[in-house]
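**Student:** In this note's numbering, the protein residues as written are 3 to 395. In this text, a Cβ means the ideal position worked out from N, Cα and C, and glycines have one as well. Here the structure is a predicted model, which is why all the values come from computation and not from measurement. Attaching a single structure in structure tokens format; questions to follow.
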Amino acid sequence: MGLVIKGAVIVDSRGQRSGDVLIRDGRIVEVGDIRGATDERVLAANGRYVTPGLIDCHIHLCYSAGPDPRAMAKKTDAELAVEAAAHAKATLLAGVTTARDCGGRGFVETHVRDAIRAGRLEGPRLLTSGHPICRKGGHTSYYARQVDGPEAAREGAREQIAATVDWLKVIATGGITTPNVDPRKAELTEEELHAVAGEAAKAGKPVAAHAHGGDGIRNALAAGVRSIEHGTFADDAMIRRMIADGVFLVPTLVATRAMIDAGTAKGVPEYAVTKAAEVDRERGKAFAACVERGVQIAMGTDAGTPFNVHGGNAQEVELMVEAGMTPAQALAASTVTAAKLLGLEKEVGLVAPGFAADLAVLAKNPLDDPGVFRHHLSILVQGGRIVHETGKT
Ligand SMILES: [Zn+2]
């Protein structure tokens with residue numbers, strides 16, 4: 003039995019049109035004026051808006067959004083697994099039907115991916131990266147695979163690949179939530195990044211680079227990564243190279259905002275609040291330049307970092323608009339462009355025949371108000387199944 007969504011206003015990156023959506027075996031088979039389909043369950047949209055489910059390209063299921071992610075070091079893998087399963091469900095219920103995990107521990111997130119795929123857990127369709135690969139003592143070293151030299155970097159990459167990850171994640175600069183590292187300074191060397199990227203390429207896996215500062219972004223681009231995560235201090239030459247090489251930016255605007263809002267009053271370490279404030283102040287320039295110049299920007303939240311809760315993902319759509327995108331651009335970043343980054347552009351991100359029936363039914367138009375995913379998500383459909391009805395109008 004299939005499902006027909008009747009009387010919807012369909013909104014995706016191809017524009018806005020009225021119609022019905024016919025779904026069978028988890029896929030959209032027809033969009034338009036659908037009559038005579040008799041054996042289907044009918045969902046009356048009554049003029050509500052149907053968009054593709056959101057795609058979050060940067061989450062951490064193993065982070066719990068507590069004040070200091072280093073708390074992870076005190077937890078067992080079993081504890082992390084239970085938490086990650088709950089985080090996956092919360093992510094889905096926020097309207098996120100596809101996500102990329104950008105780093106976990108013990109391959110917990112990769113097991114969660116497999117359990118979701120097998121129908122044993124509820125959560126978004128997941129792609130995972132295993133342990134981030136970082137410099138010895140560098141950013142995220144409290145759980146990442148630490149390496150020293152290109153040979154060790156290769157070995158670290160092979161370990162992740164052997165554990166069936168979909169992506170590799172490298173730490174190209176310092177970050178906010180680790181003490182004694184600087185987001186402006188490079189961490190893994192260009193040679194180490196090349197070594198990881200070489201192994202990844204042999205296995206057919208793309209590489210995502212955590213990179214705030216200039217030298218680190220440059221090194222990551224030279225190594226051939228597919229996405230720059232954060233990209234805070236990207237300058238003109240780097241933006242030009244990103245466009246030329248088709249590299250994506252995943253800005254994660256909500257992460258610094260959440261840390262600043264919570265502040266030391268809620269236990270976020272002072273060094274993290276200070277660095278978050280600096281990044282938050284500076285990132286606007288690079289983001290606006292990337293929007294203006296046409297860098298491919300994919301939505302990502304860094305969910306799980308301090309007070310950046312799993313399930314709060316949709317706030318990023320609003321922040322991208324606040325930072326200079328139109329609502330249509332933010333919708334594209336959160337659907338088609340994100341799908342393209344993840345290599346899923348034929349599978350998700352559009353309301354069109356052949357695509358997975360991962361759909362959000364919204365009471366208001368996302369082109370008028372980017373906050374609708376947070377405040378007016380009425381029904382969520384995943385793989386043709388209604389997984390969530392909120393009663394929101
Ligand atoms: Zn991250």
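1) Quick one: is residue 3 buried, meaning 16 or more other Cβ sit within 10 Å of its Cβ, or exposed?
2) Whole angstroms is fine: what's the gap from residue 106's alpha carbon to residue 230's?
3) Hey, would you say the C-beta of residue 104 is under 7 Å away from at least one heavy atom of ligand 1?
4) Does the beta-carbon of residue 294, which I'm using as the reference point, lie nearer than 7 Å to any heavy atom of ligand 1?
5) Quick one: what does DSSP say residue 273 is sitting in, helix, strand or coil?
6) Count the C-beta pairs between the segment 190-209 and the segment 147-157 that are closer than 8 Å, then say yes if the count reaches three, no if not.
7) Run through the segment 278-354 for me and flag every whole alpha helix (DSSP H) of 4 or more residues, listed as ranges in chain order.
8) Give every residue of the same chain whose Cβ lies closer than 8 Å to the Cβ of residue 10, excluding the five residues on either side of it in the sequence, and list them in chain order.
9) Just to confirm the assignment: which complete beta strand (DSSP E) runs, minimum length 3, are found wholly within the segment 156-201?
10) Is residue 212 near ligand 1, judged by its Cβ being under 7 Å from some heavy atom?
11) At a cut-off of 7 Å, is residue 304 close to ligand 1 when judged by its beta-carbon and the heavy atoms of the ligand?
12) Determine the DSSP secondary structure at residue 100, reduced to helix, strand or coil.
13) Keeping to the same chain, check which residues put their C-beta closer than 6 Å to that of residue 389; ignore five residues upstream and five downstream.
14) Measure from the alpha carbon of residue 386 to the alpha carbon of each residue in 251, 317, 45, 137, then state which is nearest.
15) Evaluate the contact criterion for the segment 203-210 versus the segment 178-188: three or more CB pairs, one atom per stretch, below 8 Å.
16) For residue 297, which residues from the same chain have a beta carbon less than 7 Å from its beta carbon, with the 5 sequence-adjacent residues on both sides left out?
17) Touching or not, the segment 284-294 and the segment 302-313, by the rule of three or more beta carbon pairs under 8 Å?
18) By how many angstroms is the C-alpha of residue 375 removed from the C-alpha of residue 72?
19) Taking Cβ to Cβ, would you say residue 100 is nearer than 8 Å to residue 346?
20) For residue 95, does the three-state DSSP call read helix, strand or coil?
21) Report yes if the CB atom of residue 13 is closer than 8 Å to the CB atom of residue 63, and no otherwise.
22) For ligand 1, is there a heavy atom less than 7 Å away from the beta-carbon of residue 403?
23) What are the residues that DSSP puts in a beta bridge with residue 53?
**Tutor:** The short version:
1) Exposed, by the Cβ-count rule.
2) Approximately 18 Å, taken between the alpha carbons.
3) Flag set: Cβ of residue 104 near ligand 1.
4) Residue 294: no, Cβ never under 7 Å from ligand 1.
5) In the structure shown, residue 273 adopts helical secondary structure according to DSSP, grouped into three states.
6) The segment 190-209, when compared against the segment 147-157, does touch it at the 8 Å Cβ threshold.
7) Entirely contained in the segment 278-354, the alpha helix (DSSP H) runs reaching 4 residues are, in chain order, 317-324, 329-335, 338-343.
8) Excluding its 5 nearest sequence neighbours in each direction, residue 10 has C-beta neighbours in its own chain below 8 Å: 20, 21, 22, 23, 47, 49, 50, 51, 52, 363, listed in chain order.
9) Under the rule that a run must span 3 or more residues, the beta strand (DSSP E) segments found entirely inside the segment 156-201 read 170-173.
10) Yes, ligand 1 has a heavy atom inside 7 Å of this Cβ.
11) The closest heavy atom of ligand 1 lies less than 7 Å from the beta carbon of residue 304.
12) In the structure shown, residue 100 sits in a strand (DSSP, three-state: E or B).
13) Answer for residue 389: 382, listed in chain order.
14) The residue with the shortest Cα to Cα distance from residue 386 is 45.
15) The count of Cβ pairs closer than 8 Å, one atom from the segment 203-210 and one from the segment 178-188, stays below three, leaving the stretches out of contact.
16) Here the set comprises 241, 244, 245, 251.
17) Three or more beta-carbon pairs separated by less than 8 Å are not found between the segment 284-294 and the segment 302-313, which leaves the two stretches without contact.
18) Cα to Cα, the separation comes out at about 31 Å.
19) Taking 8 Å as the Cβ cut-off, residue 100 and residue 346 qualify as a contacting pair.
20) In the structure shown, residue 95 sits in a helix (DSSP, three-state: H, G or I).
21) By the CB criterion at 8 Å, residue 13 and residue 63 fall outside the cutoff.
22) In this structure the chain extends from 3 to 395, so residue 403 is not present and cannot be described.
23) Its beta-bridge partners are 362.
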